[in-house]
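Heads up: the structure comes next, in structure tokens.
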Amino acid sequence: MRQRHRKQLSLTPAAVTPHFPPAMANAGLQLLGYTLAFLGFLGLIASTAMAEWKMSSYAGDNIITAQAMYEGLWRSCVYQSTGQMQCKVYDSLLQLPGEVQAARGFMITSIFLCGVGLLVAAVGMKCTTCLSDEKEQKNKVAVAGGVLFIIAGVCALVATSWYGENIRKNFFDPFTPTNARYEFGKALYVGWGASALTLIGGIMLCCNCASKPAGKSYPPPRAAGRPGTDRV
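This note's numbering puts the first residue of the sequence shown at 0, with every later residue one more than the last.
Spelled out as structure tokens, the structure:
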């Protein structure tokens, strides 16, 4: 009786330990990756629409100005010290610098791919009922959505980094006048953060769905009988 009682006490902590099925954990990781990608999608839209891709810099200038100039992908704005703002939309596409045209193309492509990825990944996620009878096909669809997120994040990262590199070159160019130098604007930081969220969300979806499902468990083979014990 004492031995049985000791065995029951030793098994009590293991019985109290909570156990979560792998399917529930995978669904939670999928949902987290999808949420990060969705937040990145919103950040991509905000960054593309913002006018603060670069802002005027007066480093080393002794003249105190009463206005600040901002330039974005679609318009340029001037903020007065009185609080008034005047914006001008770019008239001609051909007159824009190469980095602005490239940033436009990459950001629009990134938003489009991320939007399509949200629709595709929603079909392949385990928390949805679409393709519930075809698990392998459902995982492939989720991986496809994750790949779209990764490509979208790379496109946004290329656009923001390329644009920022041109700002850096012009800033440190000795032939650039002081009043014509610009610094990084808020939109660049928003774009970098959005691209990071989109990349992380896509990687989480791909890594979670690409893992092989656990195979079926079979009973262990029976041990062969000892020689000489078979009945005749």
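Idealized CB from N, CA, C, for every residue including glycine.
C-beta contact flag for T108 and A151 at 9 Å: Cβ distance < 9 Å, so T108 and A151 count as in contact.
Element boundaries [alpha helix (DSSP H), containing C129]: Looking at the DSSP string, C129 is not in any alpha helix (DSSP H), and its letter there is neither H nor E.
Where Q94 falls: helix, strand or coil (DSSP): coil
Beta strand (DSSP E) segment containing Y78, residue limits: 74-79
Y33 burial status per 10 Å Cβ neighbour count (16 or more: buried): Under the 10 Å beta carbon count, Y33 is surrounded by 16 or more other beta carbons and is classified as buried.
Cβ contact (3+ pairs, closer than 8 Å) linking the stretch 170-190 and the stretch 35-50: Contact between the stretch 170-190 and the stretch 35-50 is present, with at least three C-beta pairs closer than 8 Å.
Nearest-angstrom beta carbon gap, K53 and I199 [assumed within contact, 8 Å]: The Cβ separation is near 26 Å, so there is no contact.
Q79 versus Q85 - alpha carbon distance: One C-alpha to the other measures close to 8 Å.
N138 to V122 span [Cα, whole Å]: Here the alpha carbons of V122 and N138 stand approximately 10 Å from one another.
Beta-carbon proximity of A101 to W73, cut-off 9 Å: Contact: no.
Y89, DSSP secondary structure in three states: DSSP places Y89 in coil when its eight states are reduced to three.
Residue nearest to T47 in terms of C-alpha spacing, selected from F111, Q83, A143: F111
Run of the beta strand (DSSP E) containing F170, from where it starts to where it stops: Careful: F170 lies outside any beta strand (DSSP E), inside the alpha helix (DSSP H) at 134-171.
Inter-stretch contact (C-beta, 8 Å, three-pair minimum) for the stretch 140-159 and the stretch 115-129: Yes: the two stretches touch, three or more of their Cβ pairs being nearer than 8 Å.
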